[in-house]
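The numbering of the sequence shown is this note's numbering, which starts it at 233 and goes up by one. Glycine residues also receive a C-beta, built at the ideal position from the N, C-alpha and C atoms. Since we're looking at a predicted model, the values are computed, not measured.
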Amino acid sequence: MKISVITPFYNGSKFIKKCIQGVQSQSVTDFEYIIIDDGSEDEELLMLKGASKEFSNVTIFSTKNEKQAAAVNFGIKQAGGEYIAFCDQDDWWLPEKLEKQAKFLDEHQDIDLVYSDAFLGDEAGTLRHETWMQSRKVFVCTGGYTECAKKLFERNFICAPLVVMVRSNALLAIGGINEQYTSAYDYDLWFRLLEWGSKFAYLDEPLAVWRSHSQNESGDVRRAKKIQTKILLNFLIRNKKFVFKHPILVVIKFFRILLGFLVNYNPY
233 MKISVITPFY NGSKFIKKCI QGVQSQSVTD FEYIIIDDGS EDEELLMLKG ASKEFSNVTI
293 FSTKNEKQAA AVNFGIKQAG GEYIAFCDQD DWWLPEKLEK QAKFLDEHQD IDLVYSDAFL
353 GDEAGTLRHE TWMQSRKVFV CTGGYTECAK KLFERNFICA PLVVMVRSNA LLAIGGINEQ
413 YTSAYDYDLW FRLLEWGSKF AYLDEPLAVW RSHSQNESGD VRRAKKIQTK ILLNFLIRNK
473 KFVFKHPILV VIKFFRILLG FLVNYNPY
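As structure tokens, then:
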């Protein structure tokens, strides 16, 4: 099996059908689709099974509610593919996402992770006129630790796991997702992949749709900022030389973090 696709699911019946359709409409068919139900209500699980029953490549696993990071980790352990891709229950892919990213990794054996841009969608599924990169004014970064760690510390330049394809051996080598982070675990994952020696590459086109809606906008923003701050602090603990090499950057970043707690400002 070339590719494993992982979707964590928790009471997401409102959006899951579109997500599954996006995965199953891919231009390649050589992939397995792993959906991890993280302790959903019975009715929600029935809706998930109904939305996926016509597809033979779907396997649904049920776990107790241990949050998304643990669910994704469970999926990684079940995956048999050489490459792993992720699609959250409320997002979806464009038809050539898997084909283009897998082809790139096939042709670039030195690259462990390839990412792309994403269109922005609203709760109804209507696409906006700008992409995630355009809306956040984010600059692309490619390469390894030397090229990307500083940029990643400044700001997360990868939209979400939604836009990524990564080699499974790299994920397994670093122990998968750090489950202590109940949100923003992908930010920590990018750091640890770079520290391990992975190189990142970018495909300059939107290959997915990142949906913004009331449920993912109304979460505990302050708590999410605390987790992101903890991720940065742990990165500095593991990479003490980074502080001495980029002292001004570190001071500015944590000043912005402090400002973010005082006013409605996102330093990430």
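Test item: CB-CB of residue i and residue j under 8 Å
i    : j    : result
I184 : S245 : Outside the shown range of the chain (233 to 500) lies residue 184, about which nothing can therefore be said.
A334 : M397 : yes
I267 : L278 : no
E331 : S259 : yes
Y413 : I469 : no
A416 : I480 : no
N243 : E273 : yes
A350 : T358 : no
W428 : I390 : no
T291 : E264 : yes
Cβ distance (whole Å) where residue i is taken to contact residue j below 8 Å
i    : j    : result
A402 : S430 : 5 Å
L345 : L425 : 6 Å
Y434 : V372 : 5 Å
D269 : F293 : 7 Å
Residue nearest to residue i in terms of C-alpha spacing, selected from the options
i    : options                : result
F318 : T378, K296, G254       : G254
Q321 : D338, K462, Q300, E264 : Q300
K472 : A381, L352, G353       : A381
F287 : Q412, D262, D274, E276 : D262
T374 : P393, S348, T295       : S348
L326 : N410, S272, P438       : P438
E386 : V395, I343, K369       : K369
A283 : S272, F247, N305       : F247
T461 : T291, V482, K477       : V482
L394 : L384, V304, H478, A440 : A440
A302 : F241, E339, K250       : F241
L384 : H478, D436, E339       : H478
I308 : L494, N466, L404       : L404
T295 : G271, E275, N289       : G271
E276 : Q256, N289, S257, K249 : K249
V453 : M365, D354, I489, K285 : I489
A392 : M365, N410, K234       : M365
With 16 other Cβ atoms within 10 Å as the buried cut-off, status of residue i
i    : result
G407 : exposed
K329 : buried
R443 : buried
E449 : Low per-residue confidence applies at E449: pLDDT is 45, beneath 50, and the placement is therefore not dependable enough to give any value.
N388 : buried
Q341 : exposed
I484 : exposed
A356 : exposed
T378 : exposed
L491 : exposed
L352 : buried
S236 : buried
F575 : Here the chain covers residues 233 to 500 and nothing more, so residue 575 does not appear.
F306 : buried
V304 : buried
F493 : exposed
F487 : exposed
F467 : buried
Problem set entry | Ranges of the alpha helix (DSSP H) found wholly within the segment 379 to 416, counting only runs of at least 4 | 400 to 405
Problem set entry | Minimum length 3: unbroken beta strand (DSSP E) runs contained in the segment 242 to 296 | 263 to 270, 290 to 295
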